[in-house]
């Protein structure tokens, strides 16, 4: 990680391939030769969102690098750490010969963005790199507008590198080149200084303009001796309009008048900059983060977002993972939607069961299990003999296959009396097991979640065992499916027994699960969870 942060990453595609192979440990040969597993784009994200918990490494390294310029700006001027003192000295040296006079390199909070963003070549390489990293963060915004009511402070508000003066595209905080002003040459560093310069130009005589006008003209993008005073004033007005802060401009003008007429001191510029650094930031959910308290974890989340507002995407656009969940919901029926799939995965994620068992549900929803269909073997027959090629997809392997039917039959046998399936749906459907939809309201949702995960884990082991055994001998397919089915049913019940034996159920379930609840019941005397299996099942 240190090498990646300071010496540079390998190419993103290569990194993603390596990490995907590590996380998706069941991944087989490369695409084109066999099963490719879950797509890398679907691995990134939290499991409760339907992903596999893969950290986006490239974005994470950028977030780590982005923290350095934020510290460079926000650390106390009085006693900075040694590296901050050195880094600030390097930046000030790079800005030598310019009019920039802030001790804090404020422009680092809003560097230029986009592929065409340029950086001065005399910046040290590491400084350019961390500027590029902080530019990957979304544009910082004012977290509380009420703290910035127009007042005397507007006179000393920095013009350049000020995140509060950015346009919606993220441009403007660095040099406002769109308005023709360049901070590296311009002596007007605050709003008050700019207004004072405008007044001075207006009051100059024609002789004074001819003497000093060409120098002033270069500050606003005009070169040569023929620049007219009106053109210069028009450019300044254009720049003030670009700021889009009319109330600030009026307050800055009032502060200038008070300074001249009443001799009132202006606010301390360093204090205004310090307050500015603490007042801007980013919002993630219901929480706000300033440059000072932004963590690498939150920065990683921010880096994955667009750096500045963009045009809305096509209304029908979906993330690849959402498309998979949509197709999955349509396949299994039950009136489910992609949002319901994500909500179910979020619920199952917090269930106290080994993650290797829960993983099957995620792979099933993303069609990331090595079925015959996903292995692209159109002529191969399932070990049970009931499907060939594309027909042997997840629907067959995890619900219709004769080898796993004993599991489903055993579950249905437990649903008797008050737990019985309704007459209008007398048998379990796909969505009942794959998405843990209770077949009857009498079943406890938590217990049913455990049943479904245990069943899918047993089904997945059956798939692997059936695949191996069908090539190991000449046993007839019917007999092979029956043999494997017995083992599958035994493993299913063993999975539930393991959950009970380790007493993993949440305490909140104790008052909700009766002593006669099928599959798992709670013994109030021993305060233990027991396997509750009716005789003759499976």
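In this note's numbering, the protein residues as written are 1483 to 2020. No residue lacks a Cβ here, since even glycine has one placed at the ideal position from N, Cα and C.
- Under the DSSP definition of a beta bridge, residue 1762 partners with 1624.
- Secondary structure at residue 1802: helix, using DSSP grouped into helix, strand and coil.
- Shown here, residue 1953 sits in coil according to DSSP, grouped into three states, outside any helix or strand.
- Note that the C-beta distance between residue 1979 and residue 2013 is below 8 Å.
- By the C-beta criterion, the region 1537–1545 is judged not to be in contact with the region 1754–1772, since fewer than 3 inter-stretch pairs fall below 8 Å.
- Within the DSSP bridge table, the entry for residue 1770 names 1765 as partners.
- A Cβ-Cβ distance of about 13 Å is found for the pair residue 1520 and residue 1876, leaving them out of contact under the 8 Å criterion.
- The beta carbon of residue 1550 lies closer than 7 Å to those of 1612 in the same chain, with the five residues before and after it left out.
- Where residue 1592 is concerned, there is no enclosing alpha helix (DSSP H), because DSSP gives it neither an H nor an E.
- Residue range 1711–1725 is occupied by the alpha helix (DSSP H) that includes residue 1723.
- For residue 1534, the secondary structure class from DSSP, reduced to helix, strand or coil, is coil.
- Bridge pairing for residue 2011: 2004 [DSSP].
- Residue 1962 and residue 1782 have their C-alpha atoms spaced approximately 50 Å apart.
- Per DSSP, reduced to three states, the secondary structure at residue 1555 is helical.
- Contact annotation: residue 1524 and residue 1803 have beta-carbon atoms nearer than 8 Å.
- Judged by beta-carbon spacing, residue 1935 lies beyond the 8 Å limit of residue 1801, meaning their Cβ atoms are not closer than that value.
- Closest in C-alpha terms to residue 1750, from the list 1886, 1817, 1639, 1684, comes 1639.
- Among the bridge pairs identified by DSSP, residue 1640 is matched with 1672.
- Restricted to the region 1884–1912, not a single beta strand (DSSP E) segment is unbroken, complete and at least 3 residues in length.
- When the beta-carbon positions are compared, residue 1737 and residue 1634 come within less than 8 Å of each other.
- DSSP, reduced to helix, strand and coil, places residue 1995 outside both helices and strands of the structure shown, so it counts as coil.
- In this structure, DSSP gives residue 1919 a state outside helix and strand, which the three-state scheme calls coil.
- Under the DSSP assignment, residue 1821 falls in the alpha helix (DSSP H) whose first and last residues are 1820–1831.
- In this chain, the alpha helix (DSSP H) harbouring residue 1565 covers 1564–1576.
- For residue 1629, the CB contacts under 7 Å within the same chain, skipping 5 residues up- and downstream, are 1761 in chain order.
- Ranked by Cα distance from residue 1937, the options 1610, 1687, 1888 are led by 1888.
- Here DSSP, grouped into helix, strand and coil, assigns residue 1870 to strand.
- In its chain, beyond the 5 residues on either side, 1566 have a beta carbon closer than 6 Å to the beta carbon of residue 1557.
- Residue state for residue 1520 is assigned as coil, using DSSP reduced to three classes.
- Spanning the alpha carbons of residue 1880 and residue 1867 requires a straight line of approximately 15 Å.
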